[in-house]
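Protein sequence lines, in the order shown, are assigned to chains A and B. Going by this note's numbering, the first residue of the first sequence is number 107, and it counts up by one from there. Going by this note's numbering, the first residue of the second sequence is number 107, and it counts up by one from there.
There are 2 protein chains.
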Amino acid sequence: MSKILDLMDGRVLFTLVIGNTKTAEIPGITVAGANMDLIKYTPPADSELLYHGRCLSIDFIPATPDGKPTPALISYTALRLTKIPLLVVDSGLLVKPKIPHLTLSAPVGGNIAVERAMSYEVAKNVIENGKILGEQLSKLADLLVIGESIPAGTTTAGAVLKALGFEPKVSSSMPTNPVELKRNVIEQAVKRVQSKDPIEIISAVGDPVMAGVVGILSGCKRALLAGGTQMVAIANLAKRITDCEIAIATTEFVAKDKTADLSLAPCEVFVSKIPLANSKYPGLRAYAEGFVKEGVGAGGLTLFALKRGISEERLLAEIERDYEKIVLRKQ
Amino acid sequence: MSKILDLMDGRVLFTLVIGNTKTAEIPGITVAGANMDLIKYTPPADSELLYHGRCLSIDFIPATPDGKPTPALISYTALRLTKIPLLVVDSGLLVKPKIPHLTLSAPVGGNIAVERAMSYEVAKNVIENGKILGEQLSKLADLLVIGESIPAGTTTAGAVLKALGFEPKVSSSMPTNPVELKRNVIEQAVKRVQSKDPIEIISAVGDPVMAGVVGILSGCKRALLAGGTQMVAIANLAKRITDCEIAIATTEFVAKDKTADLSLAPCEVFVSKIPLANSKYPGLRAYAEGFVKEGVGAGGLTLFALKRGISEERLLAEIERDYEKIVLRKQ
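Next up, the structure:
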């Protein structure tokens with residue numbers, strides 16, 4: 107595992123895999139968007155923010171209904187500071203981003219409360235496409251860092267972990283995690299799973315982003331999964347399919363969440379200490395208070411910034427600078 | 107320029123930029139496909155062949171009406187031997203390939219005999235997207251090698267060169283280059299050009315692949331354009347927009363073509379000696395007789411194979427092996 111830590115100083119590529127699941131249409135299941143209509147724009151808008159410092163598909167940045175900003179904001183700062191290259195991968199989007207992006211020809215995922223995420227054959231094809239991509243990207247970078255943006259992704263992650271035989275606790279973008287609601291959806295969903303075959307589990311109760319990331323992992327030797335519970339589910343699926351060496355990096359906000367359970371990770375978990383508790387802005391302090399917490403690779407990317415010599419104080423100041431520019435629109 | 111030669115031993119990425127122009131619908135203008143219906147499948151099928159050794163969108167490989175195979179066959183062998191990573195970029199396709207690919211959100215190009223290739227604003231946007239992509243890919247590779255596949259691309263290249271003030275002779279996939287037909291189309295097209303602004307020229311008489319490649323070049327420091335006359339047109343456009351250091355690599359079949367004019371290249375041109383004249387297969391010997399000649403980066407990629415120690419004899423044997431497997435379908 108130390109090999110992955112070593113490679114963090116080498117040639118790194120950040121791959122953001124984004125998509126949608128109709129599971130996000132269940133009222134109350136996610137706050138990854140200000141309202142139901144806007145949730146579908148969250149993944150493309152997150153990816154646009156990373157390249158442009160603003161969103162192109164919507165006029166503002168993704169936020170919770172009460173205005174907590176997307177973690178893409180933190181990832182943007184970390185990418186700006188580290189100059190790590192970024193490629194965006196569409197793995198099942200409802201709305202395509204207005205930036206250059208890769209596609210794995212994945213469908214939008216079905217609502218796992220009532221239907222399969224996708225057919226077995228389709229999941230297999232997305233994984234196969236991901237594998238081809240992973241093989242090519244591996245030739246270009248010593249280490250792939252993979253992030254995600256998919257509203258309701260912690261619910262599909264919970265269902266996957268349950269289908270694999272775990273008793274999942276899964277994190278949420280809300281401080282009062284709607285545990286009961288998620289549990290009910292997960293209970294309904296896992297009845298549909300016909301075997302422990304990882305592809306069956308992804309297609310029955312997962313989502314297209316999982317299929318894409320598992321595929322990419324199948325094609326590469328080493329990867330750092332930048333995310334919380336969703337990456338725990340993906341790591342557990344991937345280790346049944348590929349020998350790819352995997353570690354997870356996430357934020358301390360997920361690590362401290364009692365409803366998340368990083369102990370189910372089948373690999374080492376690195377925790378990034380992002381000093382948002384000290385911010386002068388309530389929208390950023392909210393992260394330390396249990397809102398949003400993680401996403402768009404924020405934990406993993408800040409870990410690179412910190413590991414490459416940027417102090418916690420400077421990181422906070424730079425995040426606040428971008429918050430002022432992007433959210434408060436100060437020049 | 108020797109810098110580019112030096113970098114050929116470094117970390118290289120082959121980017122295949124593919125698209126369509128409705129100019130290909132003019133009867134007799136191109137043989138990059140067995141018939142009018144099939145021409146639109148040539149770019150996606152070429153790209154599928156490079157990853158899979160077979161096409162997925164059609165049941166056979168692209169060929170001229172009388173059966174000369176696509177140069178993607180030669181590129182496939184060269185990529186297999188050199189292990190150079192490949193990313194495919196959709197820059198205006200009619201049919202999307204069934205492989206992972208990048209998109210620059212470019213439209214299919216208009217038929218320049220009767221209409222603009224695209225609006226100025228759209229061309230500018232494609233170039234902007236290409237620039238973002240070029241910036242990211244430059245961080246991953248020491249040298250970008252860029253190839254193309256777009257039927258009728260030599261005709262749009264001729265129009266661009268004419269609009270830039272040259273008297274173009276342009277190559278063709280046919281031994282009896284339909285020079286008169288092309289000249290008429292080009293004459294009609296250039297009347298539409300309103301200024302020498304490269305973006306105006308691309309949008310008035312160019313094609314979406316040109317916009318994509320010029321964009322990528324705007325974002326990177328050094329690139330090897332793998333192609334014939336089309337790359338000459340692109341290099342002339344790019345040098346008016348970007349400081350990117352450019353060289354061209356093409357096949358000796360283009361270099362020997364009296365109707366092509368590599369002397370219009372504003373940069374060094376490397377010529378790859380592919381020993382197809384010695385092949386036991388007429389379909390491969392045809393290249394040395396003036397058919398097909400170039401495309402899908404065949405000249406540039408074989409140059410890498412030869413430069414990295416693969417002998418001409420071995421290169422021919424490996425191309426013939428793939429010809430047997432892919433075209434003759436021998437096991």
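A virtual CB, placed ideally from N, CA and C, is assigned to each residue, including glycine.
Report the neighbours of residue i on chain A: residues whose CB is nearer than 9 Å to its CB, in chain order.
i, result
"B/A247", "L246"
"B/L122", "By Cβ distance, chain A contributes nothing, its closest Cβ being about 12 Å from B/L122, past 9 Å."
Using the C-alpha atoms, what's the distance from residue j back to residue i?
i, j, result
"A/I380", "A/A184", "11 Å"
"B/M107", "B/D115", "Because B/M107 carries a pLDDT of 49, less than 50, the predicted location of this residue cannot be relied on, and no value is offered for it."
"A/V285", "A/T136", "11 Å"
"A/I132", "A/L422", "35 Å"
"B/T356", "B/E419", "19 Å"
"B/L330", "B/I354", "6 Å"
"B/A344", "A/N141", "44 Å"
"A/V320", "A/V266", "13 Å"
"A/I432", "A/L200", "25 Å"
"A/L210", "A/G125", "11 Å"
"B/P274", "A/P203", "39 Å"
"B/I352", "B/D112", "13 Å"
"A/V315", "B/L208", "17 Å"
"B/L382", "B/E426", "9 Å"
"A/G406", "B/P281", "56 Å"
"A/I256", "A/A247", "25 Å"
"B/R391", "B/Q336", "23 Å"
"B/K288", "B/T261", "6 Å"
Since residue i meets chain A, which of its residues come closer than 8 Å, beta carbon to beta carbon?
i, result
"B/N235", "I205 and P206"
Residue i CB to nearest chain B CB: under 8 Å?
i, result
"A/K238", "For clarity, residue 238 of chain A is Ile in the given sequence; the question names Lys instead. Cβ-Cβ to chain B under 8 Å: yes for A/I238."
"A/S255", "no"
"A/L331", "no"
"A/T188", "no"
"A/Y226", "no"
"A/L119", "yes"
"A/Q336", "no"
Is residue i close to chain A, meaning its C-beta is less than 8 Å from at least one C-beta of that chain?
i, result
"B/T282", "no"
"B/P191", "yes"
"B/L156", "no"
In three-state DSSP terms, what is residue i?
i, result
"A/E351", "strand"
"B/I124", "strand"
"A/E221", "coil"
"B/D172", "coil"
"B/Y376", "Correcting the residue type first, residue 376 of chain B is Phe in the shown sequence and not Tyr. Three-state DSSP puts B/F376 in a strand."
"B/R328", "strand"
"B/D112", "helix"
"A/S197", "coil"
"A/T260", "helix"
"B/V251", "strand"
"B/V402", "coil"
"A/L162", "coil"
"A/T365", "coil"
"A/L270", "coil"
"B/L192", "strand"
"A/V320", "helix"
"B/G236", "helix"
"A/L208", "strand"
Along chain B, which residues have their Cβ under 9 Å away from the Cβ of residue i?
i, result
"A/T209", "D196, K202, P206, H207, L208 and T209"
"A/Q300", "What A/Q300 touches in chain B: nothing, since even the nearest Cβ is about 27 Å away."
Under 7 Å Cβ-Cβ, which residues of chain A neighbour residue i?
i, result
"B/Q242", "P191, L192 and L193"
Quick check: is the beta carbon of residue i nearer than 8 Å to any beta carbon in chain C?
i, result
"A/V251", "Of the protein chains in the structure, A and B, none is chain C."
Problem set entry | Segment contact, 8 Å Cβ cut-off, at least three pairs: the segment 146-153 of chain B with the segment 190-201 of chain B | yes
Exercise. Okay, do the segment 294-314 of chain B and the segment 355-367 of chain B touch, 3+ Cβ pairs below 8 Å being the bar?
Worked result: no
Exercise. Are the segment 211-222 of chain B and the segment 222-236 of chain A touching, with three or more C-beta to C-beta distances below 8 Å?
Worked result: no
Exercise. Counting pairs of beta carbons, one from the segment 393-404 of chain B and one from the segment 157-175 of chain B, are three or more of them closer than 8 Å?
Worked result: yes
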